[in-house]
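**Student:** After the structure tokens below, expect a handful of questions from me.
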Amino acid sequence: IQELSCVARDTKLGAEEITADIPNVGEAALSKLDESGIVYIGAEVTAGDILVGKVTPKGETQLTPEEKLLRAIFGEKAADVKDSSLRVPSGTKGTVIDVQVFTRDGLEKDDRALAIEKAQLDAYRKDLKEEYKIFEEAARERVIRLLKGQESNGGGSTKRGDKLVEEVLSGLELVDLLEIQPADEAIAERLTQIQVFLKEKSAEIDEKFAEKKRKLATGDELTTGVLKVVKVYLAVKRRIQPGDKMAGRHGNKGVVSNILPVEDMPHDANGVPVDIVLNTLGVPSRM
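Count along the sequence shown from 1, then add 82; that gives the number in the working numbering.
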């Protein structure tokens with residue numbers, strides 16, 4: 083996995099901007115970028131493709147007052163910025179598997195940064211819900227064990243004097259189980275403790291989510307002069323070649339010295355070729 087970074091800084095001539103509006107670049111080159119100027123996840127990219135569109139202000143040339151006025155009216159951007167986009171390095175080809183956007187605290191986040199933030203929050207919320215579900219399941223099993231064989235004082239779907247059997251209890255939800263009032267006061271006290279525990283866990287999980295939301299909402303602490311950092315992760319496939327190091331799961335390792343066509347490989351009496359030939363010098367140290 084290869085990590086490529088694009089940094090937007092605040093320069094003397096003005097702030098660099100990450101955008102899809104790049105001067106003198108055709109539509110085809112921008113086809114893999116979203117509205118914010120950042121490449122989509124899952125895009126297949128080759129050498130020279132734009133990953134993050136970025137424009138940098140360039141020095142003002144001497145303009146006549148008329149040209150300055152026209153530029154102010156029509157907002158002609160192409161003339162005063164240059165293309166400084168992040169591109170795929172030469173000889174690299176791969177798939178975009180992840181994008182991270184870091185924005186300086188106090189700056190407005192772009193659509194892509196907000197989308198990534200939302201996806202992270204949704205995933206975190208799902209994890210927290212599953213965590214709470216585990217507590218609920220454990221609590222339900224414990225409540226059923228406590229109520230099994232007890233006599234009911236009413237509450238829930240039971241009547242006073244009902245004998246609580248596992249077949250009935252196992253068909254009830256946790257909320258209904260906790261509404262049952264057992265005749266045994268000690269059991270009733272244990273059920274109250276379980277209810278309190280679940281409420282505390284629910285509040286703790288809500289607090290965790292709120293904390294995560296706060297952290298994501300506040301900007302990132304970037305170095306002085308840096309406004310935004312975009313990191314793109316590429317999954318690159320490489321063909322194996324002589325000089326590459328290979329290793330097994332048992333600590334056996336070695337360097338590829340030669341790659342041959344299948345017809346040149348050693349074979350058994352039936353003509354079935356071997357996949358790999360290991361150097362015998364690596365064997366004694368393993369014995």
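Beta carbons are placed, not taken as given, at the ideal position from N, Cα and C, and that holds for glycine.
Quick check on the DSSP output: the alpha helix (DSSP H) that includes D116 runs from which residue to which?
**Tutor:** Taken as a continuous stretch (DSSP letters only), D116 belongs to no alpha helix (DSSP H), as it is neither H nor E.
**Student:** Taking just the CA atoms, how far does D258 sit from A205?
**Tutor:** Cα-Cα distance, rounded: 30 angstroms.
**Student:** Nearest chain C C-beta to P355 closer than 7 angstroms, yes or no?
**Tutor:** Any reference to chain C falls outside this structure, which holds one protein chain only.
**Student:** Using the Cα positions of R320 and D209, report the straight-line distance between them to the nearest angstrom.
**Tutor:** Using only the alpha carbons, I get a separation of about 35 angstroms.
**Student:** Which residue's Cα is closest to the Cα of A268: K310, V225, E99 and S252?
**Tutor:** Answer by Cα proximity: V225.
**Student:** CB-CB under 7 angstroms to A195, same chain, minus the five flanking residues each way: which ones, in chain order?
**Tutor:** Counting only Cβ-Cβ distances below 7 angstroms, and skipping sequence neighbours, we find V183 and T185.
**Student:** Is it a yes or a no for the stretch 122-129 touching the stretch 163-182, going by three-plus beta-carbon pairs under 8 angstroms?
**Tutor:** Judged by Cβ distances under 8 angstroms, the stretch 122-129 makes contact with the stretch 163-182, as three or more pairs qualify.
**Student:** Under three-state DSSP, which class holds A160?
**Tutor:** Because A160 sits at a pLDDT of 46, beneath the cut-off of 50, its placement in the model cannot be relied upon, and the following sentence gives the value as read from the coordinates. In this structure, A160 counts as coil in the three-state DSSP scheme.
**Student:** Can you tell which of D350, S284, Q202 and K200 has its C-alpha closest to the C-alpha of I216?
**Tutor:** Ranking the options by Cα distance to I216, first place goes to S284.
**Student:** At 3 residues or longer, what runs of the beta strand (DSSP E) sit wholly inside the stretch 233-300?
**Tutor:** Entirely contained in the stretch 233-300, the beta strand (DSSP E) runs reaching 3 residues are, in chain order, 233-235 and 242-245.
**Student:** Using the three-state DSSP reduction, which class does P366 fall into: helix, strand or coil?
**Tutor:** Helix, per DSSP.
**Student:** Among L115, D103 and V107, which one has its Cα closest to the Cα of V314?
**Tutor:** When only C-alpha atoms are compared, the closest one is L115.
**Student:** Could you give the DSSP three-state label for L342: helix, strand or coil?
**Tutor:** Three-state DSSP puts L342 in coil, outside helix and strand.
**Student:** Thinking C-beta only, is L133 closer than 7 angstroms to L168?
**Tutor:** Their beta carbons are under 7 angstroms apart, which means L168 touches L133 by this criterion.
**Student:** Just how far apart, CA to CA, sit V338 and K136?
**Tutor:** Using only the alpha carbons, I get a separation of about 41 angstroms.
**Student:** With a threshold of 16 other CB atoms inside 10 Å of the CB of K310, please say whether the residue is buried or exposed.
**Tutor:** Per the 10 Å Cβ criterion, buried.
**Student:** Considering only their Cβ atoms, is the gap separating L280 from A220 smaller than 7 angstroms?
**Tutor:** Taking 7 angstroms as the Cβ cut-off, A220 and L280 do not qualify as a contacting pair.
**Student:** Taking Cβ to Cβ, would you say Q277 is nearer than 7 angstroms to G236?
**Tutor:** For Q277 and G236, no; Cβs fall outside 7 angstroms.
**Student:** Under DSSP, the alpha helix (DSSP H) around A329 begins and ends at which residues?
**Tutor:** Element bounds for A329: not the alpha helix (DSSP H) but the beta strand (DSSP E), K327 to A329.
**Student:** What residue range is occupied by the uninterrupted beta strand (DSSP E) comprising V314?
**Tutor:** Per DSSP, V314 belongs to the beta strand (DSSP E) from V308 to V318.
**Student:** Taking the beta carbon of G325 as the centre, do at least 16 other beta carbons fall within 10 Å, making it buried, or is it exposed?
**Tutor:** Label assigned to G325: exposed.
**Student:** For E98, does the count of other Cβ atoms within 10 angstroms reach 16, so buried, or fall short, so exposed?
**Tutor:** Per the 10 Å Cβ criterion, buried.
**Student:** Could you pull the start and end residues of the alpha helix (DSSP H) that A221 belongs to?
**Tutor:** Note, A221: alpha helix (DSSP H), D193 to L229.
**Student:** Going along the chain, which residues of its own chain have a beta-carbon closer than 6 angstroms to the beta-carbon of S118, five neighbours each way excluded?
**Tutor:** So the qualifying residues of the chain are D192, D193 and R194.
**Student:** Tell me the rounded alpha-carbon separation between A111 and V354.
**Tutor:** Going from the Cα of A111 to the Cα of V354 covers about 49 angstroms.
**Student:** How many Å lie between A160 and K140 at the Cα?
**Tutor:** Confidence in A160 is poor, its pLDDT being 46 and thus under 50, which makes the residue's placement unreliable; the coordinate value appears in the next sentence. Rounded to the nearest angstrom, the two C-alpha atoms are 10 angstroms apart.
**Student:** When the Cα of L251 is compared with those of Q232, E190 and D266, which residue comes out closest?
**Tutor:** Of the candidates Q232, E190 and D266, the one whose C-alpha sits nearest the C-alpha of L251 is Q232.
**Student:** For A111, does the three-state DSSP call read helix, strand or coil?
**Tutor:** Note: A111 maps to helix in three-state DSSP.
**Student:** What is the C-beta distance between G307 and R91, in whole angstroms, given that I count them as a contact (C-beta under 8 angstroms)?
**Tutor:** Right, their Cβ atoms sit about 5 angstroms apart.
**Student:** Cβ of E218 within 7 angstroms of Cβ of L273?
**Tutor:** Taking 7 angstroms as the Cβ cut-off, E218 and L273 do not qualify as a contacting pair.
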